[in-house]
Amino acid sequence: MKKIAGERSRNPTITEPAPITDKDQPGSLPTVADLLAFIARSHEFQTGRTQGKIGKREIARAFNIKGAQRIALKHMLKTLESEGTIERRRNGLHKAGTLPSVVLADMLRRNEDGDLLAAPADWNDDVQGPAPKILVMTGGKTASKPGEPAPAPGDRVLLRVERLAGAELGGFSYMGRVIRLLPRPKAEVLGVFRANIGGGGRVVPVDKKNANRGELFVHPGNEGPARDGDLVAVEVLRPSRLGLATARVRERLGALDSEKTVSLIALHAHRIPHVFRQGALDEARHARPVGEGDREDWRAVKLVTIDPEDAKDHDDAVHAAADTDPANPGGYVLRVAIADVAAYVRPGSALDQEARERGNSVYFPDRVVPMLPERISNDLCSLRPGEDRPAIATRLVIGPDGHKISHSFHRVMMRSAAKLSYAEAQALIDAHPDRGAERPEAPLLKTLHAAYRALKASRDKRGPLDLDLPERKILLNDRGEVKAVVTPPRLDSHRLIEEFMILANVAAAETLEKKNLAF
74 MKKIAGERSR
84 NPTITEPAPI
94 TDKDQPGSLP
104 TVADLLAFIA
114 RSHEFQTGRT
124 QGKIGKREIA
134 RAFNIKGAQR
144 IALKHMLKTL
154 ESEGTIERRR
164 NGLHKAGTLP
174 SVVLADMLRR
184 NEDGDLLAAP
194 ADWNDDVQGP
204 APKILVMTGG
214 KTASKPGEPA
224 PAPGDRVLLR
234 VERLAGAELG
244 GFSYMGRVIR
254 LLPRPKAEVL
264 GVFRANIGGG
274 GRVVPVDKKN
284 ANRGELFVHP
294 GNEGPARDGD
304 LVAVEVLRPS
314 RLGLATARVR
324 ERLGALDSEK
334 TVSLIALHAH
344 RIPHVFRQGA
354 LDEARHARPV
364 GEGDREDWRA
374 VKLVTIDPED
384 AKDHDDAVHA
394 AADTDPANPG
404 GYVLRVAIAD
414 VAAYVRPGSA
424 LDQEARERGN
434 SVYFPDRVVP
444 MLPERISNDL
454 CSLRPGEDRP
464 AIATRLVIGP
474 DGHKISHSFH
484 RVMMRSAAKL
494 SYAEAQALID
504 AHPDRGAERP
514 EAPLLKTLHA
524 AYRALKASRD
534 KRGPLDLDLP
544 ERKILLNDRG
554 EVKAVVTPPR
564 LDSHRLIEEF
574 MILANVAAAE
584 TLEKKNLAF
């Protein structure tokens, strides 16, 4: 068998990438085959400390590509990347479906011969397809270094891998040698508890990754309040190279027959943080409403929020009026206001770090996992009717054809005039007499809809991608069981808000780009 990638000596079957001999003569654009061969060979010969990035610059240098040819190379790489022929990873370009010579991997289980099976830790099955299988030999040159503990299922390791030549060996496309065994954090696993007579029991992991590692043994006294069939969160105490790994029940999450447990399983399987750190909670608790200060006073502007009927927070508001500028007859002035979270979340604070880790709020049928504590998201930054709130707002001027003429951004103090659901907003647009058509917000909704029609006409003229896909909504009963799965109707009130938000984001992008700011 070939030597492990990176051990160059005495291996006549592999040759390093040929250098360009005449650097004064510009090279020609490589063929796809030559390009893929260069990328593969370059990664094959990179080892340990010498491992570097393979990108456009390195490829241009290797093939002596200069001047206008660099633009052609850039287009070639983009085309190959969009086709899935090559992939962009942390250390540059790779041939699709392949691994670098050194890879971070998770040990999964042992096969019948006692050898460990591993898979790359940084691999997206949905995008990259099935992960390559790695056979980690436990003897000879592929064993761990002397004095280091032998790896076991559940460990995370650095592997030096070699692609197996010719036919795959037993379904494995790579062979690996352990470079370093990484420190093991105390793992938490979600699973179903199966009680033993006399105490203790076993835990069957519910997510596929942990299921590959097998069941966990719970000694009598470590089962806590768990009962047979319960969904539990357990702490893995000690992996075993012979029998089952042992674990201790940390939390009983409820009976498995409740649909509410599906959300808990999803939270764990996707590693979604759902418990706020104490520092973030303390900052949120001590936060106080922001005063007007030097903000523009927009409290007289009749901004309204339009959200789903069951929304708990309201973070954006809209307004529209006919433009009175004689130079824009038939045009509109739109205002989009977003709750000014930065007024309460300062850079580097515990709240900021928590929000960075989460990235966004996550919605389930029975719960919401917010990006920020409820004191911020559902209170201080919720644009409640009749209450003063700081906001970042954009003023947008559009022509009668929906084309944006100008925009500006403002830090404002606003006061929402009304909280509307999508159905209520649509009723006001349609002027249903039995659904509040005489409400004071009715004229505003008519103007909002007229501005939306202008924006839609401009959008239709441009012909962009329009994914108007139906939404599925899961309805639960009082016991947390699925009562129905419905498809709510798509209303113009939905599209109106979407169109206004897209326009506000376009304006924000243009502003940041003009100021050469990263975003």
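When you line the sequence shown up against this note's numbering, it's residues 74 to 592, in that order.
We treat Cβ as the ideally placed atom computed from N, Cα and C, and that holds for glycine.
| Query | Result |
| --- | --- |
| Given that a residue counts as buried once 16 or more other Cβ atoms are within 10 Å of its Cβ, and exposed if not, what is Ser481? | exposed |
| Take Arg440 as the anchor and find which of Leu548, Ala464, His148 and Leu181 has the nearest alpha-carbon. | Leu548 |
| Pairs of beta-carbons, one from the stretch 521 to 537 and one from the stretch 461 to 481, closer than 8 Å: are there three or more? | yes |
| Is the stretch 227 to 234 in contact with the stretch 262 to 281, if contact means three or more CB pairs nearer than 8 Å? | no |
| Pull up the distance between the alpha-carbon of Glu427 and that of Gly297, whole angstroms please. | 30 Å |
| Considering only residues of the same chain and omitting the five flanking positions on each side of Glu460, which have a CB-CB separation below 8 Å? | Arg488 and Ser489 |
| Work out the CA separation of Pro103 and Thr94 for me, nearest whole Å. | In this prediction, Thr94 scores a pLDDT of 40, lower than 50, which makes its location untrustworthy; the coordinate-derived value is nonetheless stated afterwards. If I take the Cα positions, the gap works out to 16 Å. |
| Report the partner residues of Phe349 according to the DSSP bridge assignment. | Paired residue(s): none; Phe349 is not in a bridge. |
| Is it buried or exposed, Leu189, if we count other Cβ atoms within 10 angstroms and call 16 or more buried? | buried |
| Inspect the beta-carbon positions of Leu289 and Leu337 and report whether they are closer than 9 Å. | no |
| Please return the same chain residues whose Cβ sits closer than 6 Å to the Cβ of Val409, not counting the five positions on each side in sequence. | Val391, Thr467, Phe573 and Ala577 |
| Quick check on this structure: which residue in Arg236, Lys529, Asp301 and Asp565 has the alpha carbon closest to the alpha carbon of Leu538? | Lys529 |
| Which of helix, strand or coil does DSSP assign to Glu583? | helix |
| Can you list, in chain order, the residues of its chain with a C-beta nearer than 7 Å to that of Asp396? Leave out the 5 residues immediately preceding and following it. | Gly404, Tyr405, Val406 and Val470 |
| Could you tell me whether the stretch 493 to 503 touches the stretch 559 to 572, using the rule of 3 or more Cβ pairs below 8 Å? | yes |
| Would you tell me roughly how many angstroms separate the C-alpha atoms of Arg368 and His483, rounded to the nearest one? | 8 Å |
| Which one of Ala204, Leu317, His359 and Arg462 has the shortest CA to CA distance from Glu365? | Arg462 |
| Looking at the structure shown, is Thr104 part of a helix, part of a strand, or coil, going by DSSP? | coil |
| So, helix, strand or coil for Phe573, using DSSP? | helix |
| Given Leu340, which residues of its chain have a CB within under 6 Å of its CB, disregarding the five upstream and five downstream residues? | His347 |
| Identify, in the order they occur along the chain, each residue of the same chain with its Cβ nearer than 6 Å to the Cβ of Thr378, setting aside the five sequence neighbours on each side. | His387, Ala390, Leu456, Ser489 and Lys492 |
| If you follow the alpha helix (DSSP H) that Leu518 is in, where does it begin and where does it stop? | Ala515 to Arg535 |
| Which one or two residues does DSSP pair with Thr467 in a beta bridge? | Val409 and Phe482 |
| Which value, in whole angstroms, describes the spacing of the CA atoms of Arg130 and Gln142? | 12 Å |
| Judging by CA-CA distance, which residue of Val305, Glu235 and Asp186 is the nearest neighbour of Tyr247? | Glu235 |
| Do you know whose CA, among Asn401, Glu356, Pro362 and Pro381, lies nearest Gly421's CA? | Glu356 |
| Out of Lys546, Val363 and Lys139, point me to the one whose CA is closest to Glu382's CA. | Lys546 |
| Could you say which of Arg321, Arg350 and Asn451 lies nearest to Ala384 if we only look at CA atoms? | Asn451 |
| Rounding to the nearest angstrom, what Cα-Cα distance links Cys454 and Ala464 in this structure? | 9 Å |
| With 16 as the cutoff for other CB atoms within 10 Å, does Arg552 come out buried or exposed? | exposed |
| So, with DSSP's three-state summary, where would you put Leu237? | coil |
| Can you give me the Cβ contacts of Ala268 inside the same chain, cut-off strictly under 8 Å, excluding the 5 residues immediately before and after it? | Gly274, Glu296, Ala299, Arg300 and Asp301 |
| Identify every run of the alpha helix (DSSP H) within the stretch 419 to 479, keeping only runs that are complete inside it and at least 4 residues long; order them along the chain. | 423 to 431 |
| From the DSSP output, which residues share a beta bridge with Ala395? | Tyr405 |
| Candidates Glu544, Ile345 and Met444: which alpha carbon is nearest Pro561's? | Glu544 |
| What are the residues that DSSP puts in a beta bridge with Val559? | Lys546 |
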